[in-house]
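Q: Residue numbers (the numbering used here): 4 to 354. We put the beta carbon where it would ideally sit given N, CA and C, even for glycine. Quick one: this structure, given as structure tokens, is what I'll be asking you about.
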């Protein structure tokens, strides 16, 4: 089949609606590129590592054989603590601290280079169109899976107050239960946004983490706005306190899956993808050579009901060009079921 013969996005949706099939969405960087190709056309959060101007950091990434900036930052923090105990060489300690600060600042620079400054920079009309696009899944018992790190979906869902969007985060009451009976509602104290209590109803899943999500060691928390600061400012403030966003930034599929399975939030999201039923529509995700863990998850979903029960019945992958189409056709044998292709250019996400 040629690219110009592919069915449109609307034709896919109309067919699935007619079949009364539950629809799920998986999107990748193409979602953000559709908003603004000039700033989202490359993944700065991975590529900034290769471009960082520091020989010590480059040697660290090479010696530890990882591009996981979170791991490197934690290692540097550990080195600093150990150096304070075992050496009086203040110059070495300062070099380690300098490397840590440079890595953190480089990450923040990469984040800022990718993002609009804040949610209100996104034109209101674009946000509304995107909300309608996402709402079609959330209002019909579908789930949304993202492999992106950026804030665009977070901003859209927050600004437009999508009632049925559940990312699993909520606040825990921290006022003692006995005391809570004797104080007004305004005096009750609640925790920051923590993941867990709403996970049974969760329908938004960040498979590779996201900028606002942090692992404190005890809780998975979500950073938010306050009265005086934009979200990016609060993210940087957390990093200043040696807390780092949850990212699956690099490595092959095996490395990514290892990272995922060792984080309770990421593992939960991945397991959910393995269990979806109905149909999956893929937009802006090209199933590259390091994405076989995503293919494995979809294969599991397609075969979970082999001996009865529900399962994933169909997958529709959006392609942007003839080359994209050829790529998907070249890897079709990796999927354990028939996949369908559609013209991704016809999906009106932002306008």
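Sorted by chain position, which residues of the same chain lie with C-beta nearer than 6 Å to residue 259's C-beta, five sequence neighbours on each side aside?
A: Walking along the chain shown from the start, residue 259 turns up at place 256. Same-chain partners within the cutoff: 251, 296.
Q: Classify residue 66 as helix, strand or coil using the three-state DSSP reduction.
A: Here the question's residue 66 lines up with position 63 in the chain shown. Residue 66: helix per DSSP, three-state reduction.
Q: Buried or exposed for residue 265, going by 16 or more other Cβ atoms inside 10 Å?
A: Position 262 of the chain shown, counted from the first residue, corresponds to residue 265. Classification of residue 265: exposed, given that the 10 Å Cβ count is below 16.
Q: Got a sec, what are the start and stop residues for the beta strand (DSSP E) residue 333 sits in?
A: Reading the chain shown from its first residue, position 330 is the one you call residue 333. No beta strand (DSSP E) contains residue 333, which is instead part of the alpha helix (DSSP H) from 325–333.
Q: For residue 341, which option in 330, 320, 329 has the closest C-alpha, if you only look at C-alpha atoms?
A: The residue given as residue 341 occupies position 338 in the chain shown. Ranking 330, 320, 329 by Cα distance to residue 341 puts 320 first.
Q: Please report the Cβ distance between residue 234 and residue 154, rounded to the nearest whole angstrom; I am assuming they are in contact, meaning their Cβ atoms lie under 8 Å.
A: Here residue 234 refers to the residue found at position 231 of the chain shown. Here residue 154 refers to the residue found at position 151 of the chain shown. At roughly 7 Å, the Cβ-Cβ gap stays under 8 Å, so residue 234 and residue 154 are in contact.
Q: With DSSP as the reference, identify every bridge partner of residue 281, one or two as the case may be.
A: Position 278 of the chain shown, counted from the start, is the residue given in the question as residue 281. Looking at the DSSP assignment, residue 281 forms a beta bridge with 315.
Q: In whole angstroms, what separates the C-alpha of residue 343 from that of residue 317?
A: Taking the first residue of the chain shown as position 1, residue 343 is located at position 340. Taking the first residue of the chain shown as position 1, residue 317 is located at position 314. Between residue 343 and residue 317, the C-alpha separation is close to 8 Å.
Q: Mapping DSSP to helix, strand and coil, what is residue 10?
A: Counting from 1 along the chain shown, the entry for residue 10 is found at position 7. Strand.
Q: With 16 other CB atoms within 10 Å as the buried threshold, where does residue 220 fall?
A: Sequence index remark: in the chain shown, residue 220 carries index 217 (1-based). Exposed.
Q: Quick check on residue 353: does DSSP put it in helix, strand or coil?
A: Reading the chain shown from its first residue, position 350 is the one you call residue 353. Coil at residue 353, not helix or strand.
Q: Helix, strand or coil for residue 221 per DSSP?
A: For the purposes of this step, residue 221 is identified with residue 218 of the chain shown, where counting begins at 1. The answer is coil: DSSP assigns residue 221 none of H, G, I, E or B.
Q: The beta strand (DSSP E) spanning residue 298 covers which residue range?
A: Here the question's residue 298 lines up with position 295 in the chain shown. Per DSSP, residue 298 belongs to no beta strand (DSSP E); it is in the alpha helix (DSSP H), 295–306.
Q: Whether or not the stretch 222–229 and the stretch 132–149 are in contact is what I'm after, with contact meaning three or more pairs of Cβ atoms, one per stretch, closer than 8 Å; do they touch?
A: The stretch 132–149, when compared against the stretch 222–229, does not touch it at the 8 Å Cβ threshold.
Q: Apart from the five residues just before and just after residue 100, which ones in its own chain have a Cβ nearer than 7 Å to its Cβ?
A: Residue numbering aside, residue 100 sits at position 97 when the chain shown is read from its first letter. 83, listed in sequence order.
Q: What is the rounded straight-line gap between the Cα of residue 334 and the Cα of residue 200?
A: Position 331 of the chain shown holds residue 334. Position 197 of the chain shown holds residue 200. Approximately 39 Å, taken between the alpha carbons.
Q: CB-CB under 7 Å to residue 279, same chain, minus the five flanking residues each way: which ones, in chain order?
A: The residue you call residue 279 lines up with position 276 of the chain shown. Closer than 7 Å at the Cβ level, and outside the excluded window around residue 279, lie 27, 146, 304, 315.
Q: For the alpha helix (DSSP H) that residue 202 lies in, which residues bound it at each end?
A: Against the chain shown, residue 202 aligns to sequence position 199. Segment: none, residue 202 is in no alpha helix (DSSP H) and carries neither H nor E.
Q: Do residue 214 and residue 248 count as a contact pair if the criterion is CB distance below 7 Å?
A: Mapped onto the chain shown, residue 248 falls at position 245. Mapped onto the chain shown, residue 214 falls at position 211. Closer than 7 Å, so yes.
Q: Can you find the residues in the same chain that come closer than 6 Å, C-beta to C-beta, to residue 307, ignoring five residues on each side of it along the sequence?
A: Residue mapping note: residue 307 aligns to position 304 of the chain shown, counting from 1. Counting only Cβ-Cβ distances below 6 Å, and skipping sequence neighbours, we find 314.
Q: Can you find a heavy atom of the ligand NAP that lies under 6 Å from the Cβ of residue 40?
A: Although the ligand NAP was asked about, the structure shown includes no ligands whatsoever.
Q: Could you give the DSSP three-state label for residue 3: helix, strand or coil?
A: Past the edges of the chain, shown from 4 to 354, lies residue 3, and the structure says nothing about it.
Q: From the DSSP output, in three-state form, read off residue 33 for me.
A: Residue numbering aside, residue 33 sits at position 30 when the chain shown is read from its first letter. Here residue 33 sits in helix by DSSP.
Q: Does the Cβ of residue 290 have 16 or more other Cβ atoms within 10 Å, making it buried, or fewer, making it exposed?
A: Walking along the chain shown from the start, residue 290 turns up at place 287. Classification of residue 290: buried, given that the 10 Å Cβ count is 16 or more.
Q: For residue 34, which of 274, 136, 255, 22 has the nearest alpha-carbon?
A: Numbered from 1 along the chain shown, position 31 holds the residue referred to as residue 34. When only C-alpha atoms are compared, the closest one is 136.
Q: Out of 159, 167, 196, state which residue places its alpha-carbon closest to the alpha-carbon of residue 175.
A: The sequence position of residue 175 within the chain shown is 172, counting from 1. When only C-alpha atoms are compared, the closest one is 196.
Q: Going by DSSP, which residues form a beta bridge with residue 23?
A: To locate residue 23, count along the chain shown from 1; it is residue 20. Answer is none; residue 23 lacks a bridge partner.
Q: With DSSP collapsed to three states, give me the class of residue 196.
A: Within the chain shown, residue 196 is the residue found at index 193, counting from 1. In this structure, residue 196 counts as coil in the three-state DSSP scheme.
Q: Going by Cα to Cα distance, which pick from 20, 132, 345 is closest to residue 323?
A: By one-based count along the chain shown, residue 323 stands at place 320. Among 20, 132, 345, the Cα nearest to that of residue 323 is on 345.
Q: Is DSSP giving residue 322 helix, strand or coil here?
A: Start at 1 with the first residue of the chain shown, and residue 322 comes out as number 319. DSSP places residue 322 in strand when its eight states are reduced to three.
Q: Can the beta-carbon of residue 134 be found closer than 7 Å to that of residue 163?
A: Here residue 134 corresponds to residue number 131 of the chain shown, with the count starting at 1. Here residue 163 corresponds to residue number 160 of the chain shown, with the count starting at 1. Going by C-beta atoms, residue 134 is nearer than 7 Å to residue 163.
Q: Of all Cβ atoms in chain E, is any one closer than 7 Å to the Cβ of residue 277?
A: Of the protein chains in this structure there is only one, and it is not chain E.
Q: Enumerate in chain order the residues of its own chain whose CB-to-CB distance from residue 129 is below 8 Å, with the five nearest sequence positions on each side excluded.
A: On the chain shown, residue 129 is found 126 positions in, with the first residue counted as 1. Taken in chain order, the residues that qualify are 38, 353, 354.
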